[in-house]
Amino acid sequence: YRPEPYVVADAMMFADGKRIVGFQDISMQVTGTTGQELERLWAARKPGGLRVQPSSGTPTPPEPGPPVIPWDLAPGSTPKVPEAPPSHPAGHRGDPIRPTLYNRESLLQFATGLPSQAFGPHFQAFDQRFIARLPRPPYQFLDRLTRVDHPFLQMKPGGWVEAQYDVPAQAWYFRANRQPTMPFCVLLEIPLQACGWLSAYAGSSAHSPLDLHYRNLGGTATLHRELDGQTGTVTIRVRMTSASEAGGLIVQSFDLWMGVDEKPLYEGQTTFGFFPPESLARQLGIRDAAERTWTPEDQGHLLSLGDPHPHTPNDPLVDAARGLDLPGRALLMLDEVEWLADGGPAGLGYLKGTRRVDPQEWFFQAHFYQDPVIPGSLGLESFLQLLKVAALQIWPEYADTHRFECILTGEPHTWIYRGQVVPTNRLVRVEACLTERREGPEPVLKADGFLYVDGLPIYEMRDFGIRLVRL
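Shown next, in the form of structure tokens:
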């Protein structure tokens, strides 16, 4: 392990008992996981074995029976919550660990294994055909489902679904963010992945004979408080508020909430859609973007962002962080940035960032199995990275005394998706126009903008902002 699992071997091929071909130093490496993750997975498959938690490396008793799911759940019914008190081990932070209905092993099965091992025998048909999945590690951010008040296999508005995520103190994304707080892309993914689980549990994919792909369409939400390595276990609640079908498409809306000790950290609304492949291939983008796009007359100042470590989630190297630092390459979604200090409709500043699409990037392997696409949350992260670049240009004197808020707390932000970035695309471009600049001991920037793929505007960001927080 380095820390990616890999092997090197010599091999010999035989035919009729005779050696016909020899191989030396054949190698294979598994990306998107670590030795600890694999040991945890293997140990969980052995009755009575020990499970290694990747967050601490401490062996703990396995969750009973991998995977844990309510195997005999009938359509239209809801699973009964186990009659056991929540656990709060010594040193545990955040919410108590509640009794599990669907454990992490079942979530991993849904991400990359057999759907019937994630939801039970009613999903056996999808063991042999495509189904929209959860992301795979290292971009999967749920540990257990603890309450499901939505009727099984019924695609309609229903009750709340509750999940938990144990934030690892040494998670790769803290190192990659080079800040003490969780990056926005991960924070957003946590409740969105709970929505994805609920969509599958409701039997959405069975409503069409076609292979349906799952995509977020947008949302509005507010961050009340940031998460960090000391947050511990967070609780997520989502519920489906509407579901409709038309022309082979399915659209579902959700309320989402994430918090600790019943105090909200992040809450809002979001919408998802199921689309057949031909619909995705005909993506039209943000239809009226051209009417609302600001075009600079002059070229801005070209800024180099460097190539900081970690380069991938598994990269053990981390470049030293001082305060207002951009992420390592594992999360840095920009190759270069153009800055025009007096640009934009308000004259407060304009930024354009670009990134070449590399089909070998780690996130295509993680998001999703059999359906590689850049996570929309990473596209939003690239927009926030433009604001970080702007802040460094406007307030360089704060470089060592402040840190970046992952996204502006206490004020709502809105995102819209009308397209996707796949491995065959070539260039992503992100543009931001600053709309507000607040001076003070903890200054604030806000901006609106668009993300383009090969010239087509597919994402829109409204009221996104960052605050520089004093260290």
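The numbering of the sequence shown is this note's numbering, which starts it at 21 and goes up by one. Backbone N, C-alpha and C define an ideal beta-carbon position, used for all residues, glycine too.
{"Item": "Opening and closing residue of the beta strand (DSSP E) in which ILE486 lies", "Value": "476-490"}
{"Item": "Beta carbon of ALA131 nearer than 7 Å to that of ARG156", "Value": "yes"}
{"Item": "Proximity of THR434 and ASP483 at Cβ, strictly below 7 Å", "Value": "yes"}
{"Item": "Delimiting residues of the beta strand (DSSP E) encompassing TYR437", "Value": "433-437"}
{"Item": "Alpha-carbon spacing of ALA263 relative to HIS233, whole angstroms", "Value": "16 Å"}
{"Item": "Minimum C-alpha distance to ARG438 - residue among THR291, GLN380 and ASP36", "Value": "THR291"}
{"Item": "Simplified DSSP state of GLU83, which is helix, strand or coil", "Value": "Because GLU83 carries a pLDDT of 41, less than 50, the predicted location of this residue cannot be relied on, and no value is offered for it."}
{"Item": "Same chain, Cβ closer than 7 Å to HIS227, five either side skipped, listed in chain order", "Value": "MET175, GLU265 and ILE270"}
{"Item": "N- and C-terminal bounds of the alpha helix (DSSP H) containing PRO8", "Value": "Summary: the structure shown does not reach residue 8, with the chain confined to residues 21 through 491, and so no result is reported for it."}
{"Item": "Range of the contiguous alpha helix (DSSP H) that encloses SER126", "Value": "124-132"}
{"Item": "Outcome for SER126 when other beta-carbon atoms lying within 10 angstroms are tallied against a minimum of 16", "Value": "buried"}
{"Item": "Residues near LEU337 by beta carbon distance below 7 Å, same chain, minus five either side", "Value": "HIS329 and PRO330"}
{"Item": "Where the alpha helix (DSSP H) through ALA411 begins and ends", "Value": "396-414"}
{"Item": "Continuous alpha helix (DSSP H) stretch holding ARG156: start and end", "Value": "Careful: ARG156 lies outside any alpha helix (DSSP H) and carries neither H nor E."}
{"Item": "For ASP468, the residue or residues it bridges with in DSSP", "Value": "CYS453"}
{"Item": "Test item: CB-CB of ILE436 and GLY223 under 7 Å", "Value": "no"}
{"Item": "Of the residues GLN440, LEU352 and PRO392, the one placed nearest ARG408, counting alpha carbons only", "Value": "In the sequence under discussion, the amino acid at residue 408 is Lys, which differs from the Arg named in the question. Of the candidates GLN440, LEU352 and PRO392, the one whose C-alpha sits nearest the C-alpha of LYS408 is LEU352."}
{"Item": "Beta-carbon proximity list for TRP415, same chain, < 7 Å, skipping 5 on both sides", "Value": "PRO463 and LEU488"}
{"Item": "Endpoints, the beta strand (DSSP E) within which ASN197 is located", "Value": "That residue, ASN197, is in no beta strand (DSSP E); its alpha helix (DSSP H) goes 192-197."}
{"Item": "Exposure of THR455, with buried meaning 16 or more beta-carbon neighbours within 10 Å", "Value": "buried"}
{"Item": "For ASP281, three-class secondary structure by DSSP", "Value": "coil"}
{"Item": "According to DSSP, residues forming a beta bridge with LYS372", "Value": "GLU358 and GLU451"}
{"Item": "Exposed unless 16 or more other CB atoms sit within 10 angstroms - verdict on GLN390", "Value": "exposed"}
{"Item": "When ASN236, ARG312, ASP318 and PRO296 are compared against LEU360, the one with the closest alpha-carbon", "Value": "ASP318"}
{"Item": "As assigned by DSSP and simplified to three states, the class of PHE388", "Value": "coil"}
{"Item": "Extent of the continuous alpha helix (DSSP H) run through GLU311", "Value": "309-312"}
{"Item": "Nonlocal neighbours in the same chain, by C-beta distance under 6 Å from GLN303, ignoring five residues either side", "Value": "GLY439"}
{"Item": "Contact check, LEU499 vs VAL450, beta carbons under 7 Å", "Value": "Residue numbering for the chain in the displayed model covers 21 to 491; residue 499 lies beyond these limits and cannot be assessed."}
{"Item": "Helix, strand or coil at HIS321 [DSSP, three-state]", "Value": "strand"}
{"Item": "Opposing strand residues paired with LEU243 [DSSP bridges]", "Value": "TYR286"}
{"Item": "Other residues of its chain near ALA309: CB distance less than 8 Å, five sequence neighbours each side excluded", "Value": "PHE470, PRO477 and GLU480"}
{"Item": "Per DSSP, cross-strand counterpart(s) of ILE117", "Value": "SER107"}
{"Item": "Pairwise C-alpha distance: GLN413 and GLN199", "Value": "19 Å"}
{"Item": "Which listed residue (PRO188, LEU371, PRO141 and ARG153) has its alpha carbon closest to that of PHE172", "Value": "PRO141"}
{"Item": "The segment 195-212 in contact with the segment 116-125 per 3-pair CB rule at 8 Å", "Value": "no"}
{"Item": "Pick from SER107, GLY249, TYR221 and SER225 that is closest to LEU207, judged by C-alpha positions", "Value": "GLY249"}
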